[in-house]
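Residue numbers (the numbering used here): 374 to 623.
Okay, here's the thing in structure tokens:
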């Protein structure tokens, strides 16, 4: 082989080797950048998800506690109805029943029935001093007052939890990913607003599947990107090799 062709071949080989090294370092840099960006992004997503999930669970627990207190209120009202059954025969009160299939609307209807029954019981107590002096009646009325205070505190806590959660969902930058993570704004508890109360049953948040799926998709995208870059690099090297072998000067 002539000396000139040997030098030319060596030069091409050196250039090809340098190209391989440069491209390899470039690919490693891209992968390192993806990892560098992916790790803090994953940490931020996890922290944001856990924060929203914790606040949403607090809302659900607060709502459940309200429903428990409302049931206690019904029980106390029925006990008062039993005591007043012997007074005012023309104004017999019937027990308040709680629907077996609990819903927000049925809870509101039951609460209104309790209000109506209590108004009639108080009217009876005014008409019958001996009923008002009954120790059991007084004890139940005191317990009922305590339940009313407890309910008010629980409603305030619920609405405060909703306000904190909704601010978290609508704050930048979480607002851009809250919906995709399965979180939507929660309704406030307003006993006088049937539509708002009915919306409470639709308040549901993700159980973790969305975040797991998202991480899986991100991981798969990184793998696919790496494979595509590797395939393109190998193809470019093959093309370069073919051009070199077809060079008439070799």
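Think of the CB as a built atom: it goes at the ideal place given N, C-alpha and C, for glycine as much as any other residue.
Distance CB(residue 435)-CB(residue 557) smaller than 9 Å: The answer is no: Cβ separation not under 9 Å.
Pair within 9 Å by beta-carbon distance, residue 458 and residue 559: no
Assigned secondary structure, residue 544 (DSSP; H/G/I helix, E/B strand, else coil): Coil, per DSSP.
Sequence-distant residues of its chain with Cβ nearer than 8 Å to residue 443 (five each side left out): 480, 483, 484, 524
Cβ-Cβ distance between residue 432 and residue 535 below 9 Å: yes
Cα-Cα separation between residue 419 and residue 494, rounded to whole angstroms: 54 Å
Coil, strand or helix - residue 531 by DSSP: helix
Cβ separation of residue 510 and residue 500, assumed to be a contact under 8 Å, to the nearest whole Å: Incorrect: roughly 13 Å between the Cβ atoms, too far for contact.
Between the CA atoms of residue 469 and residue 487 - distance to the nearest angstrom: 7 Å
Cβ pair residue 425, residue 533 closer than 9 Å: no
Continuous beta strand (DSSP E) assignments of at least 3 residues falling wholly in the region 497-530: none
Cβ neighbours of residue 520 in the same chain (closer than 7 Å, five flanking residues each side left out): Here the set comprises 442, 445, 446, 449.
Proximity of residue 439 and residue 562 at Cβ, strictly below 9 Å: Cβ distance < 9 Å, so residue 439 and residue 562 count as in contact.
Cβ distance (whole Å) where residue 422 is taken to contact residue 554 below 8 Å: Going by Cβ atoms, the distance from residue 422 to residue 554 rounds to 6 Å, so yes, they are a contact pair.
Under the three-state DSSP convention, the category residue 623 falls into: Note that residue 623 scores 48 on pLDDT, short of 50, meaning its location in the model is unreliable; the coordinates nonetheless yield the value given after this. In the structure shown, residue 623 adopts coil according to DSSP, grouped into three states.
Per-residue burial, residue 491 [other beta carbons within 10 Å of its own, 16 or more giving buried]: buried
For residue 496 and residue 502, the rounded distance between their alpha carbons: 11 Å
Check whether residue 513 and residue 452 have beta carbons under 9 Å apart: yes
Counted within 10 angstroms of its Cβ, other Cβ atoms place residue 541 as buried (16 or more) or exposed: buried
CA-to-CA distance, residue 467 to residue 506, given in whole angstroms: 22 Å
Close-in-space but distant-in-sequence residues of the same chain around residue 456 (CB under 8 Å, 5 per side omitted): So the list reads 504, 507, 509, 510, 513, once near-sequence residues are dropped.
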